[in-house]
Every structure is written in structure tokens, then in C-alpha cells.
Amino acid sequence: MRAVAGGVALAVVPVLAALVLSGAVLWLLGTDPLEYYAYVARRGLLTPSGLQATVTRMAPLLLVAAGLILAFRTGLWNLGSDGQFMLGATAAAVVAPPLAEVLPGWAALGAGALAAMVAAALWSLLPALLKARHGINEIVTTLMMSFLGLSLANALVKLVFLDPGTTVPQTRTLAVADRLPALPGTIVSGGVLIGLAAIVAVHLAMTRTSFGLKLRVVGASPRAAIHAGLPVPLLTVAVFALSAGLIGLAGAVEVMGVLGNVRADWNPAYGLSVIPLVFLARLNGFAAIVYVLLFSALQIGAESAARRLGVPAYFTLVLVANLLIVLAVVEYVAQRRRPAWT
Amino acid sequence: MDMILSAAFLTSLVAGMVVSGVPLLLAGLGEQISEKAGVLNIGIEGMMLAGAYAGFLGAYQTGSLWVGFLYGIGAGMAVASVMAVLCVRLGLNQIVIGIGLTLGAEGLTALLHHVRFSRSYPRLPGVETLPLPGLAELPIVGSALFDRHPIVYLAVASAVVLSVLYRRTHLGLTLRAAGDKPAALDAAGGDVIRTRVAAVLCTGAFAGLGGAFMAEVGAGLFVPFMTGGAGFIAIVLAMLARGRPLWVLAGAALFGACLSMTTALQVAGFDVPTDVIQMLPFAAVMAVLIVFGRGASLPAALGSAYVRGGRGSDGERS
């Protein structure tokens, strides 16, 4: 009983503390924090249209989270998610619209998703090989590849795959009828089901299968994994490809479900902002769903608040950073006190 | 071709190298201090950005670049102090906290800029330079290298000072022990935690100054997210330098030249798209990592928190 109460407190206290801390920032900037939070909650969760936008936004975030959990549990720091996301989105935007004119809808969507996963996985190959073959730290290589990928995706959109039919620099647009179908009776893109399926599959694969166990051994101690006869280099490359593939699919889902195309200089930076979320969830897929829901609502609400209350949506970054810091401290304190409880 | 080899072109190339190289130099030197002490400081991008905004604000409000630099150092250290408490004192994951601090600094500086300046980007007045007698009159490189704001000379000098400090002083030895074999330092009566906290704060000061330079001298204004990955390049510089400050200096000059070359080519009339140009420094880093990456050495206890008598406290990666 006490443990359950402790667990709930451990999840709720940091959220409240982070809200208070970030509220202080708002107050210092001359905005009424209560008004702001109430507005964000109303627009992100409590109105039907806001809630539907929030659930739609969850789709790419869940896929990114799934990709990150897979890599982080294997002890691989894939910090290149922003570049992988944008390359996936661009690949889907290049492949799906022309195919949709000649193929049945599902085939065009499938091809777009596949192209996105392959493009992102290929982009992760170099850091993966450098890590597997030469032990070069993947933190810096994935970060560098991320910046490269963002610029490459932009260059491709502006220079190669420009839609000749419009003056706006963007790729060709997937017709609304050809996009991912919405959930019945709503305007929520079906992508959220793909996202949920992916994160649950990753969670179960990591916790319930022998493949997941192997990966966790690699994550816990690469040296022990080699002694156990595991093909660590091969697993490293495979996990990088899967992780990047899921993140690329996130880009595809956003393009084929919501936007229809990729505009030049579009970069929602979902990749890095999901990293704190999966850590707040302690790399647990189900907990990550909850945090992703909260973060989506926050983003949708904050985008709306930026227009109405004049507080830029950058505020979400501050709130997430505060949440991460508070949670880290709370967890530390709880760990310190645990021996006294038992 | 004549255009490329003209003296004016070369001068602008070298001048550009200094402007884009100095922030990398300062941040790289700062990162090196942390890495030596065993803390992988991924938050350096955030520290630079905080320094850039604070530096700009200080210079804008007081009209003095020096006050701006002090503001920048302070802001960098403020972000670093959060890192020091969480990652060194409490031993939390350095990569996650580093990313979190970078995100937080990005959000906070963009927010503060918006509240203070809305959508305007005021420029600072021009930079006053200090020509070094004799050297500044040299052809081609003279005005580009030796007719600069004093902070440029100080940055270069600090690389030399750090180099001596690491090799010749007890302090340098203590720093290295904290990163290579913290347990040994502990046993010898040194204080691992205090050493690492001091190292992280120094990193914040250097990174903040680098960011302030970028905003005050480099751009003359502040734009949200203006560091654009420079902090991450600095991490690579520190990694490849294998603990030697003068190699950071050489690396910063190289990458500064690379950055400057791309803009100079554009100015010279070569029609290269901006997005391709933005890829060059990162592509250069990847190329260097592929060729020399195997030689990059990092302190044994890098990335792991020190707990007295705890697992991994002998410097082994757990």
C-alpha cells in the first residue's frame, strides 16, 4: 500500500513541481501562470477539437519514443532522431504522392512508409558501423549526422523534389483522400494506432522475448555480451537500423497522415524533445504513452496559447527541461530514502 | 581563379576563420576541462546559447562588450551549476541532463528574447579592435589576425595557459586523476566531487564566453537558436584533441576556416545553396571522425558518476 502510494507520489510530485517552477518563469515574464495553464489544458485536452489534435500529434511522438526506447535500452545513444525524422518525412513525401496516382491507396501509403524507414535506417548506418567496427562514440556521430540529415532533407526539398505546380517551396502534396484514414467518427489520423502498436511492440519485445533479453545484455555490459557469444557488432547495426526506421516512420506518419507534404525549412524537432520524455518514463513503453499524451496536449495547447496569450511555444521546452530536472532530483531523493522504508 | 587568390579574398577568408573559430576554440577548451575530469558535457550547446543571449543583453544594455562577456560567462556558469549539482553531486545521467539543459536553454533564451525584443533583432555597435604593433601591418593576414578585439588574443592565450596548466601543475594532475582514476584521487586525499564541480563550472564559463563572442563580435546581434550545433562540434574537437589544448586551437582554426571558406565562396560568386553550405562543417567533422576517430581517446571514467566505494568507481565503465 505504502509502495503504491510512493509510486504514485513519485509520478505526480515531479509534474506538479515542474508546473510550479515553470509557472514562476511565466510569472516573471508577466503572464498569469494559472490563466496560461488553464488555457493550455482547455485547448489541448478539454475541447473536442483540441483533444483530437492532441491524439493526432501523439502518432509521430510515439514512434520516435519507440525508436529511442529500443536504442537506449540497448545502451546505444541514438541522438540523431531529428535528422532521421526529417529524412523519413521527406522520403515519404517524395514517394507517396506520385504513386498514389497509379496504385491503390494502401500500396502508395505502404511504399511511402517503407521508403521513410529505409531512408532513415540508411542514415543511421554510418554511426552504427563506426560504433560496431571501431568503437567510435555514437553520441557525437549521430548528432553530426542529425545536422547533416536536416540540411540534406531541406536541400532535397528545395532543389530536387520541388513541386512545380506551386510557388511555395515544398514537395508534391498527397491528396487528402489518399492519406492515412481517420479513426471512424473523428478527425484523428489513423497514424496514432501505428504509434501505439509500435511502442507496445517494442516494449514487449524488450521485456518478453529472447531477442530483447540479448539487447538488454548488450546494454547492461557490452563486454559480458561478447563473452556470452552474442554478435554485438551485428546487433548494434540492427538496433540502429530498427531505431532509425521507427523514427523515419514517424516522419512518414506525420506527412501521410496530417500534412500531406514537406515544406522547405519545416522541422518540428520532435526527436530531441522526446528524449527527456522516454527518460521520465524510465524507458518503459506504457509509461512513455502517458508522458507522450501529456506532452502532445502541452504542445497543442501551447501552440494555441502562442496565438492567443502571446507566450511563444518555446515555453514547452522550458517546461520539459524543468520536469526532467525535478524528476531526476525526486528520484534521487527517493532512492536515498528507500532503505529507511524497507 | 584570380578572384580566389586575390589578397582581399584571402584576408576576408582568414578574418572569417577567426570570427567562426574563436567560439569553437573557447567551447572546445571548456569541454576539454570537463572531459578531463570525467564529465561528458552534452549541455555545452545550452551553455553557449545562454552565454550568447546574456552577452548580447549585457552589451546592448551597457554599451560595453566587456560587460557583455561577463554576463555571458555568468550565464554559462549558471547553466553549468545545474549540471554540476545534478550530474556530479547527485550522479545523474550526464547525457540525459545535458540534452535537457540544452533544450531548456534553447526554450528560455528564445522566450526571453521574445519578451524583451519581440520580433526585432537590434544590432550592437561595431567592435573596437586592438591592433598588435608590428604584426597588424603584415600583408594579407595582418589585419585579419592581429587587428582584433582583445578577447581573441585572450582566447588563444588561454589555450597556451591551459596547456601548461595540464602538464606542469598539480592542479592539472588532480583534474586528470578525477577523470582517469577517480578512486586513486580519492585515496590520495583529493576531492573528486569538488574537482569535477569546479571543472564543470569552468566549462560553463568558457562556453558562455564563446557564446557571448558569437553574439557580440561574430554576429553583432542575437537570434534564437543561433549556436546551431557549434557546441556539439566543440565536443568533437575536445574528443579529437585527446586532452591537448593546442590541438583544440588547431582544430578550431581548421573548422573555422572551413566555415569561413563556405561563406567566402558564396561571396565570391559561386552559387552554392545555403543548405549544402550548412552541411560542410558537419561533413568535415564526420570525415575527420572516420579517419582519426579510432585515435580519439577519452578518460576512462568519462560519463560515469563517482560514488566512493561504489561500482565503477575504479574508473571502469560499468
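Chains A and B, in that order, are what the protein sequence lines are. Anchor point for the first sequence: position 108 equals 108 in this note's numbering, and the numbering is continuous, going up by one each time. Positions in the second sequence are counted from 1; adding 1000 to them yields this note's numbering. Backbone N, C-alpha and C define an ideal beta-carbon position, used for all residues, glycine too. This structure is a prediction, so every number in the text was calculated from the model and none was measured.
Inset, instruction - Determine the DSSP secondary structure at P1131 of chain B, reduced to helix, strand or coil. - result: strand
Inset, instruction - Look at A198 of chain A and A66 of chain A and say whether their C-beta atoms are less than 9 Å apart. - result: yes
Legend entry - Residue range of the unbroken alpha helix (DSSP H) whose run includes Q299 of chain A: 285 to 309
Legend entry - Counted within 10 angstroms of its Cβ, other Cβ atoms place T186 of chain A as buried (16 or more) or exposed: exposed
Legend entry - Member of A:A120, A:A89, A:F85, A:L317 whose CA lies at the smallest distance from the CA of S296 of chain A: A:L317
Legend entry - the segment 1183 to 1200 of chain B: positions lying closer than 9 Å to chain A by Cβ: none
Inset, instruction - For L1025 of chain B, decide whether its Cβ has a neighbour in chain A, counting only Cβ atoms nearer than 9 Å. - result: no
Legend entry - Among A:V311, A:T207, A:W27, A:L235, the one whose alpha carbon lies nearest that of S1118 of chain B: A:V311
Inset, instruction - Please go through the segment 1129 to 1190 of chain B and give each complete alpha helix (DSSP H) segment of 4 or more residues, from N-terminal end onward. - result: 1141 to 1146, 1150 to 1168, 1170 to 1180, 1182 to 1187
Legend entry - Listed by chain order, chain A residues near A1078 of chain B by CB distance under 9 Å: Chain A residues near A1078 of chain B: none, gap ~13 Å exceeds 9 Å.
Inset, instruction - Please check if any C-beta of chain B sits within less than 9 Å of the C-beta of A334 of chain A. - result: no
Legend entry - Per DSSP, cross-strand counterpart(s) of S189 of chain A: A:A182
Legend entry - Chain-ordered neighbours of E1106 of chain B on chain A, where CB pairs are closer than 8 Å: Y314, L317
Legend entry - CB-CB length for A92 of chain A against G251 of chain A, believed under 8 Å: 6 Å
Legend entry - Within-9 Å CB hit, H1114 of chain B to chain A: yes
Inset, instruction - Could you work out which residue in A:D82, A:L159, A:A100, A:L204 is closest to A121 of chain A when comparing CA atoms only? - result: A:D82
Legend entry - 9 Å Cβ cutoff, L183 of chain A in contact with chain B: no
Inset, instruction - Out of A:A201, A:A244, A:V218, A:L51, point me to the one whose CA is closest to V118 of chain A's CA. - result: A:A244
Legend entry - Residues of the segment 1219 to 1249 of chain B whose Cβ lies closer than 9 Å to any Cβ of chain A, in chain order: P1224, G1228, G1229, F1232, I1233, I1235, V1236, M1239
Legend entry - Q335 of chain A - partner residues in DSSP beta bridges: Beta-bridge pairing links Q335 of chain A to no other residue.
Inset, instruction - Assign E1216 of chain B to one of two classes, buried (16 or more other C-beta atoms within 10 Å of its C-beta) or exposed (fewer than that). - result: buried
Legend entry - Length-filtered (4 minimum) alpha helix (DSSP H) runs lying within the segment 1005 to 1092 of chain B: 1007 to 1036, 1044 to 1062, 1065 to 1083
Inset, instruction - Count the other CB atoms, across all protein chains shown, that sit within 10 Å of the CB of W77 of chain A; report buried if there are 16 or more and exposed otherwise. - result: buried
Legend entry - Positions along the segment 1269 to 1282 of chain B whose CB lies within less than 8 Å of some CB in chain A: P1273, D1275, V1276, Q1278, M1279, F1282
Inset, instruction - For S22 of chain A, count neighbouring Cβ atoms within 10 angstroms of its own Cβ and tell me buried if that reaches 16, exposed if not. - result: buried
Legend entry - T142 of chain A: first and last residue of the uninterrupted alpha helix (DSSP H) it sits in: 138 to 155
Inset, instruction - Please decide whether M1214 of chain B counts as near chain A, where near means a Cβ-Cβ distance under 9 Å. - result: no
Inset, instruction - Could you say if the segment 1276 to 1288 of chain B and the segment 1033 to 1046 of chain B meet the contact criterion of at least three C-beta pairs nearer than 8 Å? - result: no
Legend entry - From A:W27, A:L152, A:P33, residue whose alpha carbon lies closest to that of I1277 of chain B: A:L152
Legend entry - Pairwise C-alpha distance: A1037 of chain B and R1176 of chain B: 6 Å
Legend entry - Residue-level contact to chain C via CB, N154 of chain A, 9 Å cutoff: The structure shown contains no chain C; its protein chains are A and B.
Inset, instruction - Determine the closest residue to R57 of chain A out of A:V255, A:L280, A:A334, A:A100, with distance taken between C-alpha atoms. - result: A:V255
Inset, instruction - Report the partner residues of Q170 of chain A according to the DSSP bridge assignment. - result: A:R263
Inset, instruction - Check whether the Cβ atoms of V1096 of chain B and A328 of chain A lie closer than 9 Å to each other. - result: yes
Legend entry - Interface residues of chain A facing R1294 of chain B [CB-CB closer than 8 Å]: H134, G135, I136
Legend entry - chain B within 9 Å of N78 of chain A, Cβ atoms only: no
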